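Residue numbers (the UniProt record's numbering), protein chains in the order written: chain A, 1 to 342; chain B, 1 to 342; chain C, 1 to 342; chain D, 1 to 342.
Number of protein chains: 4
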Amino acid sequence: MEKKDLLKQVIKHIDIKSFDASPIINSMREMSFSSRETANAADIFNMMIAEKGCTNILTIAGSTSAAGCMQVYVDLIKHNMIDAVVSTGASIVDMDFFEALGYKHYRGTQFIDDKFLRDNYVDRIYDTYIDEEELQACDSTIKIIADSLEPRPYSSREFIYEMGKYLSENSVKKESLIQTCYEHNVPIFVPAFSDCSAGFGLVMHQVERMKEGKPYLTIDSVADFRELTDIKIAAKTTGLFMIGGGVPKNFAQDTVVCAECLGIDASMHKYAVLITVADVRDGACSSSTLKEASSWGKVDTVYEQMVYAEATTVLPLIASYVFHKGDWKNREPKNWTKIFQK
Amino acid sequence: MEKKDLLKQVIKHIDIKSFDASPIINSMREMSFSSRETANAADIFNMMIAEKGCTNILTIAGSTSAAGCMQVYVDLIKHNMIDAVVSTGASIVDMDFFEALGYKHYRGTQFIDDKFLRDNYVDRIYDTYIDEEELQACDSTIKIIADSLEPRPYSSREFIYEMGKYLSENSVKKESLIQTCYEHNVPIFVPAFSDCSAGFGLVMHQVERMKEGKPYLTIDSVADFRELTDIKIAAKTTGLFMIGGGVPKNFAQDTVVCAECLGIDASMHKYAVLITVADVRDGACSSSTLKEASSWGKVDTVYEQMVYAEATTVLPLIASYVFHKGDWKNREPKNWTKIFQK
Amino acid sequence: MEKKDLLKQVIKHIDIKSFDASPIINSMREMSFSSRETANAADIFNMMIAEKGCTNILTIAGSTSAAGCMQVYVDLIKHNMIDAVVSTGASIVDMDFFEALGYKHYRGTQFIDDKFLRDNYVDRIYDTYIDEEELQACDSTIKIIADSLEPRPYSSREFIYEMGKYLSENSVKKESLIQTCYEHNVPIFVPAFSDCSAGFGLVMHQVERMKEGKPYLTIDSVADFRELTDIKIAAKTTGLFMIGGGVPKNFAQDTVVCAECLGIDASMHKYAVLITVADVRDGACSSSTLKEASSWGKVDTVYEQMVYAEATTVLPLIASYVFHKGDWKNREPKNWTKIFQK
Amino acid sequence: MEKKDLLKQVIKHIDIKSFDASPIINSMREMSFSSRETANAADIFNMMIAEKGCTNILTIAGSTSAAGCMQVYVDLIKHNMIDAVVSTGASIVDMDFFEALGYKHYRGTQFIDDKFLRDNYVDRIYDTYIDEEELQACDSTIKIIADSLEPRPYSSREFIYEMGKYLSENSVKKESLIQTCYEHNVPIFVPAFSDCSAGFGLVMHQVERMKEGKPYLTIDSVADFRELTDIKIAAKTTGLFMIGGGVPKNFAQDTVVCAECLGIDASMHKYAVLITVADVRDGACSSSTLKEASSWGKVDTVYEQMVYAEATTVLPLIASYVFHKGDWKNREPKNWTKIFQK
């Protein structure tokens, strides 16, 4: 077996518009266990969409973008269901930006010798393969963007906005999440921005500039938190649609508390949906329940639903349901990007 | 809140015929993680159905029948996709027989004080409620059937056949799994038959007869194993479609080894699908992988797929897919019940 | 690599008497998460031991006996901490009886090609190996015992008592769980007795006798339930110490309800400890919480503790703690085996 | 019940020096499942300690510090077993810095109404309580430190160093992780530094300065990655001891790849231990296996061990074992903090 045999079967991203999951969700609503949780999650997400004035924040952790859900997120943005995104770096840079540059993810298997993959420069995410040589193009493009910008502290949102601008001129795959968000004025935050392929490019940028004795760009993670809190304060009513836990989940939840620290009485997130397989019992934030979050004053408990499922199985059902329900057609775009452009 | 408020929202069982999950499964085939596993499981189950001469064994553990999947299993039998069933007692007696007698399961919540439920004689399965007083009717009907039979050792299959006969005359809900299997000559095995509502009825039968000094009926679990092995030997090619692990999974897998013990060279189960959330790491059979089973000579590893999901979310998709694919239309019924009627 | 290389590193069973885990448990009592759960479980188990008149039932599912905890269970019996055992067949027959006949379990790895194991007749349980040819000696010894007995229905308890008698004359390893229980009048119940190596031996027995037109022994699983309920009724106060879930857990819990069916007002199990990695969310009994069980009237909720851990890590700590605490020294043996010998 | 009743039972941190877990680890080495994994993890951690020249990186995610393991980490630093720390913000700021200021964590329960906790300003982590009013002192102290520093970009390491300096003068509890690391020249990195209580203080600092039209301090997450990579490059041989996954795990692993991006041929991490309950199947980094990491060229696969356990149960055993083994007595301190003080 050679490298090209490993990288043959391209991941195709599911199109929630091409099928209508409504009859399935409608049945699941009258069942039990995770199926009812899935239906409740779909109902709460739709309430978020239908409520006039509610700002909807999507948080992404895990590798669902590589695993075939990339277009789901794009469709949520395009159809005006989401107003801000908080994500891990991998989902935004290594996966979405990577495909925007024309590269692909491949169907593989977890039952393989990882040394063989290593020898072929093939990276593995569970049962999915990536060509590491292609991923390096991602790192170097980040460096090119960093090199082109004024050397000062940026929030990740500002930097990702510049990535969107870059893609609007240079993308191979036109409909990436970054570019779609750029075009729809939906800000993307990556609170741990150097923990991904972007980190490699930005370290290269800084090291080169240091050698040259020149000033360099930095990424101020405090600015991210400040800006997302600005949105929370301006938005008033908010809902969270969370795929996986991690830093994005905690970060988005914490904006309520941060607003309070600034002396502003922000309401708790009114709606919250969380899809995760994380285990609640280790006290980690990825897995902490929405009820636990309410003890911290972050999330209200009236409209909250956790779905204990690997997201690729239930997210397409939920997203297809809300898409076909069509309440998004009456929504006004929030254009939160614009509040940072004054 | 009173008891009647707890028992208001009836569980409705999903109808896999009423929607076509094919476009979803077809998309999932080109994705990753549990969605691809789900599609592969659907493909393998369809191969089992399409292969001429293959006997398909359904194993059931967990409470999917109470949770809204009861009709899924009935449809698999009615449409000739399954030739034998191995199950826990709860799924067959407490859930299926219970509903056949006219009772219902109810949508509840896991966020409730269990003492309050106890005081109201409401039993809980995760987020599902049962009226305990109704469940007692189940126990006593089992006793009535036992009292009516010749006092000798029965396999669980024989006894469940008598339950089917009883239902064909007395059922309130006509299309139960037990009655459907009875009518389609599909045997049902419950290897731990006294570990459910049936146990209560049968203990009452035995104790009453003992007090009267009369002979009583017994349930011979060895006979179950012997009879299922007879089917494995007669069937030659076999496939397993397993929902949950537990005793049913191990029991069905072990027939290969049992045939060998009898000096007959039986082939391993050619196909195997397992849907489970069990954790592989405790060495329990519920969770042991199909690859591990192959080390024991039970399951071949060419066509096997584990899906790590709570079954109510993915089973409806898989079953709807194979139903609409329609390969079952060309299958001959195996009528395995008849080999025990000589 | 040859078969003998696979079967080199013998599993040695941990000796809870050889170290004192008290300082660790005492520290864990003031910590959080699973460590505090572990300490609470140890405290409740010790309360069961210290309470005059309380009958303690040990339930075993999973493969902890193969994995190095076999001597833990023996020590609990020898030191009079347990009065009845309910187990899966594998733990009692394939593991304990197997080692009593002189065979061993071996340390292996889960990272191996299972086809290679299959070719060498090596069976795998997660990271543990068994010589399949040795396991067949287990099956045939069961047949020898069955052949030697009067052909009538037996409870599994009765049959396992005969296995104890056999071992008291023929065992290679003297201190097996079966033999120790036999000698200490502690009954062992295996509600799904044919779902293990015993099933192979008993099917061989039945098939041979049928061919010869002779009567044969049967295993009446109803009798198991009846007898365990007899103990529950006679014992009045009871506590459950449960390693894994499965049929044993449900079976032991259900005796309360069964007593009620017989018109006897039995108290709920007063104490309950459960160590498991099972996921509560699929509604399976293995994973259903002790609080859920209380809605069914099975388990009281004052002294109950679930420990979400793979048992080999925490069971040795708990058992060492109660051993060194020494409250068992003041216990009267219950000798429940004797109530079936009238 | 009042607030003071909720906050009565203080968490006490386990002291690995006060008991010797060696006999337990030595037994577990010859068992199976998670117990053997635990022993192997202890052995690999000890190899890291014993190997001359190996730099040992501790990564922390989850809430083990709040749950009673805080002193474990301090003891690893004090006894020269760890040379760098990468952590989530919560473990360092909300937990360790919080206790250093004189506050406590409390033993609570997950079976409580979170609205009641909210009304009492009590925050919950699974079964652990925190007084939210005390936590605000943590936020404001961070602001005080930020206000006192020159307004420029800082790596989290630099800022935490200043926190150590602050504690060396102002701490109530003397032996915090931050202060101990400060005194032993062990750098601490928190790649998502604003995702915790520090974020609140830093946002307050920035907003106040912005209102005043003054320059403010920023946290450059790129600098963290650059600096940790500097250590990886200088250290050559490295080992990872990872408690939980999350950003810290990925961040530490990625330094190998980052070094390559800078044109330096760094070796993979030679040793890796990971203790986690995360589920591998969602493709998230928290749960991705060490073998998967090797496909990315991050971790070598000769000496790696994953332990699937909630860390509070097994970490004390492992740490006590290596402490009593004593190989740390022959180690030279690495003093990595000093390379940033040129």
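Glycine included, C-beta positions come from ideal geometry on N, C-alpha and C. These numbers were taken from a predicted model, which means no experiment stands behind them.
Alpha-carbon to alpha-carbon, residue j and residue i
{"i": "D:T38", "j": "D:V307", "result": "6 Å"}
{"i": "C:W328", "j": "C:I49", "result": "6 Å"}
{"i": "C:F340", "j": "C:D220", "result": "15 Å"}
{"i": "D:L101", "j": "D:I142", "result": "11 Å"}
{"i": "D:D291", "j": "D:A42", "result": "According to the sequence shown, residue 291 of chain D is Lys rather than Asp. Cα-Cα distance, rounded: 19 Å."}
{"i": "B:Q136", "j": "B:G199", "result": "12 Å"}
{"i": "D:V261", "j": "D:V299", "result": "Correcting the residue identity first, residue 261 of chain D is Cys in this sequence and not Val. Roughly 16 Å between the two C-alpha positions."}
{"i": "B:C69", "j": "B:E162", "result": "24 Å"}
{"i": "C:V302", "j": "C:H269", "result": "10 Å"}
{"i": "C:E169", "j": "C:A66", "result": "23 Å"}
{"i": "D:S194", "j": "A:K236", "result": "22 Å"}
{"i": "C:G263", "j": "A:H324", "result": "56 Å"}
{"i": "D:K174", "j": "A:R152", "result": "38 Å"}
{"i": "B:E133", "j": "C:A192", "result": "27 Å"}
{"i": "D:F116", "j": "D:T109", "result": "13 Å"}
{"i": "A:C16", "j": "A:P316", "result": "The sequence shown places Ile at residue 16 of chain A, rather than the Cys named in the question. Those two C-alpha atoms are separated by around 6 Å."}
{"i": "D:L76", "j": "D:I82", "result": "6 Å"}
Neighbourhood of residue i by C-beta distance below 8 Å, restricted to the same chain and skipping five residues each side
{"i": "D:N165", "result": "Position check: residue 165 of chain D holds Lys in this sequence, whereas Asn was assumed. Excluding positions up to five away in sequence, the list reads Y182."}
{"i": "B:V297", "result": "Note on identity: in this sequence residue 297 of chain B is Gly, with Val being the wrong assignment. So the qualifying residues of the chain are V256, V257, E260 and M268."}
Sequence-distant residues of the same chain with beta carbon closer than 6 Å to residue i, five excluded per side
{"i": "B:A146", "result": "L202, H205 and L217"}
{"i": "C:S197", "result": "V93, D94, C138 and D139"}
{"i": "C:A252", "result": "I57, T59, V86 and L240"}
{"i": "D:V190", "result": "S87, G89, I92 and S156"}
{"i": "C:G213", "result": "none"}
{"i": "D:A259", "result": "T229, K232, I233 and A266"}
{"i": "A:D20", "result": "H324"}
{"i": "C:A311", "result": "T64, I243 and I275"}
{"i": "C:S22", "result": "Y321 and H324"}
Paired residues, beta bridge with residue i - DSSP
{"i": "A:V85", "result": "A:L58 and A:I188"}
{"i": "D:I125", "result": "D:T128"}
{"i": "B:Q305", "result": "B:V273"}
{"i": "B:V314", "result": "Paired residues: none, contrary to the question."}
{"i": "A:I219", "result": "A:Y154"}
{"i": "B:V299", "result": "B:H269"}
{"i": "D:V10", "result": "D:Y106"}
Sequence-distant residues of its chain with Cβ nearer than 7 Å to residue i (five each side left out)
{"i": "C:S34", "result": "V307, Y308 and A309"}
{"i": "B:V314", "result": "T38, I275 and V307"}
{"i": "B:N335", "result": "N185"}
{"i": "C:Q305", "result": "E37, N40, A41, I44 and V273"}
Residue j beta carbon less than 8 Å from that of residue i
{"i": "C:L7", "j": "C:Y154", "result": "no"}
{"i": "D:Q71", "j": "D:I160", "result": "no"}
{"i": "D:I318", "j": "D:F45", "result": "yes"}
{"i": "C:K211", "j": "C:V122", "result": "no"}
{"i": "D:S295", "j": "A:D114", "result": "yes"}
{"i": "A:V247", "j": "D:V222", "result": "no"}
{"i": "D:R124", "j": "C:S32", "result": "no"}
**Cβ contact check for the region 178-185 of chain C and the region 82-101 of chain C: 3 or more pairs under 8 Å** = yes
**Asked** Does the region 20-30 of chain C touch the region 49-62 of chain C, meaning 3 or more C-beta pairs lie closer than 8 Å?
**Response** no
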